[in-house]
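S.K.: I have a structure I would like to understand better, so I am pasting it below and will then ask my questions one at a time.
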Amino acid sequence: MRYPDDSRHYAVIVQHRSWILGRHREYLLYTGRDPKASYGHTVKVDFTGEAPELRDATWEQAGVRVRFTSGHEVYVPARYFTGGR
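Residues 17 to 101 in the working numbering are what the sequence shown spells out, letter by letter.
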């Protein structure tokens with residue numbers, strides 16, 4: 017899929033630990049142009065209390081639909097992950 021910003025885009029799971037002792041973990045779905053997932057749009061994806069696993073992603077002009085092995089799906093509109101830095 018080619019978006020108006022003419023960049024390659026990624027959808028990855030990022031594990032984020034709390035600042036306090038680093039014990040609490042949450043999982044974020046990152047969508048954006050940075051392959052290291054340091055800048056872009058994130059959505060919290062703690063569906064089951066376990067680490068989510070991506071099954072597939074369908075990229076469309078209007079956004080991306082990400083499916084997980086748990087059966088959950090997340091849709092992120094393109095306006096949230098295109099453009100920017």
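We treat Cβ as the ideally placed atom computed from N, Cα and C, and that holds for glycine. Computed from a predicted structure; not experimentally measured.
Measure the alpha-carbon distance for L45 versus L37 and round it to whole angstroms.
M.R.: Stepping through the sequence shown from its first residue, residue 45 is reached at position 29. Stepping through the sequence shown from its first residue, residue 37 is reached at position 21. Distance between the alpha carbons of L45 and L37 is about 23 angstroms.
S.K.: Who does T58 pair with in a DSSP beta bridge?
M.R.: Along the sequence shown, one-based indexing puts residue 58 at 42. Y46.
S.K.: Taking DSSP as the reference, what is the three-state secondary structure of R83?
M.R.: Taking the sequence shown and counting its residues from 1, the one referred to as residue 83 is at position 67. Three-state result, R83: strand.
S.K.: Do you know how far the Cα of P93 is from the Cα of V80?
M.R.: To locate residue 80, count along the sequence shown from 1; it is residue 64. To locate residue 93, count along the sequence shown from 1; it is residue 77. In a straight line, the C-alpha of V80 is about 7 angstroms away from that of P93.
S.K.: Which residue from I29, D22, H25, R24 puts its Cα closest to that of E66?
M.R.: If you number the sequence shown from 1, residue 66 lands on position 50. Comparing C-alpha distances from E66 to each of I29, D22, H25, R24 shows the shortest one belongs to I29.
S.K.: In the DSSP assignment, find the unbroken beta strand (DSSP E) run with D91 in it and report its ends.
M.R.: For the purposes of this step, residue 91 is identified with residue 75 of the sequence shown, where counting begins at 1. For the record, residue 91 in the displayed sequence is Tyr; it is not Asp. Counting along the chain, the beta strand (DSSP E) containing Y91 begins and ends at 89-93.
S.K.: Can you tell me the Cα-Cα spacing of G87 and R33, whole angstroms?
M.R.: The sequence position of residue 87 within the sequence shown is 71, counting from 1. The sequence position of residue 33 within the sequence shown is 17, counting from 1. Near 25 angstroms, if we compare the C-alpha coordinates of R33 and G87.
S.K.: Need the endpoints of the beta strand (DSSP E) that Y26 sits in, please.
M.R.: Reading the sequence shown from its first residue, position 10 is the one you call residue 26. Note, Y26: beta strand (DSSP E), 26-33.
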